[in-house]
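Written out as structure tokens, the structure is:
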């Protein structure tokens, strides 16, 4: 790792990938600038830790690109006193970010190897790592003020929407006819809708191919 200046790479990522693409939340930018993303990628992929592309993790999974994760978090607007859940924790990067931004974080991962890596990378943080099917979330830890699905899914299951607190927010990438789009929604009076706000490359998560259980609209 000494061959790379990760701190400089991280600063460059924030300046060139995030600030230029609509990531405006100062707290999100600060967290991304602080968390060492290289700790959350396989050693053989370390050179690509800060590239604007998904990072292969094995078993068909990828780490979401920095811009996709940061844009989703910026839209969701994490707050200090909130309880958050990450669906698709992978190696734990997005959970580590939310650990800096919220009061408590539950991170759900179904791949045992990824979960083991996340547990190591998140040691010393306040994140609660839960192993289980991504599409089921973790109802026992809810309701959540914020849910981040850190990747692209074809649908957001009712089971996950049901774990939002009233007024709670959910951010996710949506796989729509081969294109991944970033969306944000809020639970109001028991109802939920997702609004797409931009197209962006995102890692595709398994287990979300059921019929749509929500509506989404393209932001103007």
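Numbering (the working numbering), first residue to last: 15 to 234.
Ideal placement from N, C-alpha and C gives every residue a C-beta, glycine not left out.
Comparing C-alpha distances from residue 47 to each of 17, 116, 80 and 59 shows the shortest one belongs to 80. Residue environment: residue 147 is assigned as exposed (fewer than 16 neighbouring CB atoms within 10 Å of its CB, all protein chains considered). Setting aside the 5 residues that flank it on each side, residue 95 is surrounded in the same chain by 117, each with a C-beta closer than 6 Å to its C-beta; the list follows chain order.
The C-alpha of residue 87 lies about 10 Å from the C-alpha of residue 161. Within a 10 Å sphere around the beta-carbon of residue 213 sit fewer than 16 other beta-carbons, which makes this residue exposed.
7 Å or more divides the Cβ of residue 32 from the Cβ of residue 110. Residue 70 is bridged by DSSP to 76. Residue 142 and residue 22 have their C-alpha atoms spaced approximately 30 Å apart. Shown here, residue 43 sits in a helix according to DSSP, grouped into three states. For residue 121, the three-state secondary structure derived from DSSP is strand. Boundaries cannot be given for residue 218, as no alpha helix (DSSP H) includes it and DSSP labels it neither H nor E. In summary, residue 28 is buried, with 16 or more beta-carbon neighbours lying within 10 Å of its beta-carbon over all protein chains present. Residue nearest to residue 66 within the set 39, 34, 56 and 53 is 34 (criterion: CA-CA distance).
Take residue 139, set aside five residues on each side of it, and the residues of its chain with a beta-carbon closer than 7 Å to its own are 110 and 113, in chain order. Taking C-beta separations shorter than 7 Å and ignoring five residues to either side along the sequence, the partners of residue 70 in its chain run 59 and 76, following chain order. The C-alpha of residue 105 is placed about 10 Å away from the C-alpha of residue 51.
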